[in-house]
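J.:
Number of protein chains: 2
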Amino acid sequence: MGRERIEPGGQSATVGRLEAAGGPDAPARPLRADAQRNVDALLAAAKAVFATSGVNAPVREIAANAGVGVGTVYRHFPRRSDLVTAVFRREVDACADEAPVLAAEYEPSEALERWLYRYADFIATKRGLAAALHSGDPAFDALPAYFEKRFRPALGSLIESAAAAGAIRGDLDAMDLLQAVANLCLHTAGERPDHTRRMIALLIDGLRYRASAPQHARGNW
Amino acid sequence: MGRERIEPGGQSATVGRLEAAGGPDAPARPLRADAQRNVDALLAAAKAVFATSGVNAPVREIAANAGVGVGTVYRHFPRRSDLVTAVFRREVDACADEAPVLAAEYEPSEALERWLYRYADFIATKRGLAAALHSGDPAFDALPAYFEKRFRPALGSLIESAAAAGAIRGDLDAMDLLQAVANLCLHTAGERPDHTRRMIALLIDGLRYRASAPQHARGNW
DNA sequence: CGATTATATGGATCGCTGTTCCGCTTCTCA
DNA sequence: TGAGAAGCGGAACAGCGATCCATATAATCG
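Below you can see the structure in the form of structure tokens.
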């Protein structure tokens, strides 16, 4: 009992190569097959455990959920914080990668709206981590930069398309909007869950209010 | 070596009475003299250790600096977080209590300015604690309320006096200003230390810009 | 295919933490 | 001054992150 191994969810994340100390582009051997399986299982288990028990959950608990020993955890993630940041980057990637998918599937305005809700869900599950980010622990210093590196272009292209289509105003900075939505999510912690959703809807309506005609319209003219 | 007891600094904080479980105004016996000394020494040591080693410093280190055993720490502060919050409240009190002193010593506008710098110093030393505050740990839930309870009236009366004297605009909310200064302090972490000071000066100049004539002037007329 | 070797594993173990417990000391007050 | 209450110190406990190494296993080669 209490040993049901959490299997890696979907794509295998190809952590296959690690940078050797010899240089940024040293050949670096691929992971052994079982090791790769364990890395995937660990990331999946960590994500699940962090979601239920918070980011301070003990390493032993994550190891048990992944069906491995703690030694295996520390082989792949030398510090506890490395596991935390790896999960964080994975989820940032997953969220950012949805932007082009939505852009291909919906018209610009709706794609933007849907992605913002997706982003809000992402933020909602990161309360404990946000505190860790600002705790001054140098282990998390690189995360804000990664956050911006992935999210600014992802949201930026959605904004650009919507603005070009004349659906929203054109003078909008991606990081400003990301910050605004994040604040909405964090400040409405205990409220009814749909409150955040309505606040975001309000924000989006605000973006649409001063929409101009298409500024860079091209093509069918 | 390494055992120089940190003596309590100044006033003895009169923690002399503890609320008994019987009710909010049960008589509750006073602390024994040596116990009161130890409480003061612990608060002084904790303040010093938190300042140098951060709020995550081990309890044993604080106990050693206070020249007491860990048992004594836990007798007066059943949980580690109780010690943290006690130090925090003490420092909030010290900062808030300076407002009427400055108000008596300087003209309204300068008293306000001087207190804001004092408040900025307070915030600057609270980086680690701010993270703890937003970590979701229920042990710190009551602190924001205490923060507002003490600081809003303290700054509020300074603002009121300065506005009545026509030195600053009159439509200023104390909490807004506290928040603004705190943000200035936290966002300029690694900058040159006088940067924060200049930003606050700018903020104060902004307050003065739209100053009106005295609104409630009374007396020598 | 079997042997060989680099690689990966797991859990006992270490050092450090917050917290508890209790024999002993110290203060208080009649 | 002499009980007796109040307080004290530090050994001990449980849980944590992190380390280590004898063992097990995947990859490689003859």
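Chains as they are written, first to last, in numbering that gives the first Met the number 0: chain U, 0 to 220; chain P, 0 to 220. Backbone N, C-alpha and C define an ideal beta-carbon position, used for all residues, glycine too. All figures in this text were calculated on a predicted structure; none of them were measured in a lab.
1. Note down the Cα distance separating residue 123 of chain U from residue 154 of chain U, rounded to an integer number of angstroms.
2. Measuring only between beta-carbons, confirm whether residue 133 of chain U sits less than 8 Å from chain P.
3. Residues of chain P with CB closer than 7 Å to the CB of residue 126 of chain U, please, in chain order.
4. Report the start-end ranges of each alpha helix (DSSP H) in the segment 139-199 of chain P that is 4 residues or longer and not cut off at the edges.
5. Mapping DSSP to helix, strand and coil, what is residue 78 of chain U?
6. Grab the span of the alpha helix (DSSP H) containing residue 63 of chain P for me, first residue to last.
7. Could you spell out the range, first to last residue, of the alpha helix (DSSP H) harbouring residue 126 of chain P?
8. At a cut of 8 Å, does the segment 81-101 of chain P reach the segment 138-150 of chain P through at least three beta carbon pairs?
9. Taking contact to mean at least 3 C-beta pairs separated by less than 8 Å, is the segment 200-209 of chain P in contact with the segment 136-146 of chain P?
10. Do you know offhand how far residue 184 of chain U's Cα is from residue 51 of chain U's?
11. Between the beta-carbon of residue 108 of chain U and the beta-carbon of residue 166 of chain U, is there less than 8 Å?
12. Can you list, in chain order, the residues of the segment 102-126 of chain U whose Cβ is nearer than 9 Å to any Cβ on chain P?
13. Using C-beta distances below 6 Å, list every residue in its chain close to residue 221 of chain P, excluding the 5 sequence neighbours before and after it, in chain order.
14. With distances taken between CB atoms, is the gap from residue 126 of chain P to residue 135 of chain U smaller than 8 Å?
15. Taking the straight line between their C-alpha atoms, what separation do you get for residue 224 of chain U and residue 106 of chain P?
16. Can you give me the Cβ contacts of residue 203 of chain P inside the same chain, cut-off strictly under 6 Å, excluding the 5 residues immediately before and after it?
17. Would you tell me roughly how many angstroms separate the C-alpha atoms of residue 65 of chain P and residue 58 of chain U, rounded to the nearest one?
18. Using 8 Å as the threshold, is the C-beta distance between residue 38 of chain P and residue 115 of chain P below it?
19. With a threshold of 8 Å between beta carbons, is residue 65 of chain P in contact with chain U?
20. For chain P, check one thing: does any of its Cβ atoms lie closer than 8 Å to the Cβ of residue 138 of chain U?
21. Using the Cβ count rule (16 or more neighbours within 10 Å means buried), how would you classify residue 75 of chain U?
22. Just the C-alpha distance for residue 55 of chain U and residue 67 of chain U, rounded to the nearest angstrom, thanks.
23. Can you give the Cα-Cα distance for residue 103 of chain P and residue 159 of chain P, rounded to whole angstroms?
24. Would residue 181 of chain P count as contacting chain U if we go by Cβ distances under 8 Å?
25. Under three-state DSSP, which class holds residue 55 of chain U?
26. For the putative contact between residue 195 of chain U and residue 119 of chain U, defined by C-beta atoms under 8 Å, what is the C-beta separation to the nearest angstrom?
27. So the alpha helix (DSSP H) residue 109 of chain U belongs to, where does it begin and stop?
28. Considering Cα atoms alone, identify which of U:193, U:201, U:33 is closest to residue 176 of chain U.
29. Determine the burial state of residue 174 of chain P: buried for a count of at least 16 other Cβ atoms within 10 Å of its Cβ, exposed for fewer.
30. Is there a C-beta anywhere in chain P that falls below 8 Å from the one on residue 56 of chain U?
31. Counting C-beta neighbours from all protein chains within 10 Å, is the total for residue 40 of chain P 16 or more, i.e. buried, or is it exposed?
32. Smallest Cα separation from residue 84 of chain P: which of P:73, P:117, P:132?
33. Measuring CB to CB, does residue 157 of chain P end up less than 8 Å from residue 86 of chain P?
34. Given a threshold of 16 other Cβ atoms within 10 Å of its Cβ, counted over all protein chains shown, does residue 141 of chain U qualify as buried or as exposed?
T.: Looking at the coordinates:
1. 18 Å
2. yes
3. 135
4. 142-163, 173-186
5. coil
6. 58-65
7. 126-132
8. yes
9. no
10. 19 Å
11. yes
12. 126
13. Because chain P here runs from 0 to 220, residue 221 of chain P falls outside it and cannot be looked at.
14. yes
15. No statement about residue 224 of chain U is possible, as the shown extent of chain U runs from 0 to 220 and does not include it.
16. 112
17. 34 Å
18. no
19. no
20. no
21. buried
22. 19 Å
23. 14 Å
24. no
25. coil
26. 6 Å
27. 107-123
28. U:201
29. exposed
30. no
31. buried
32. P:132
33. no
34. exposed
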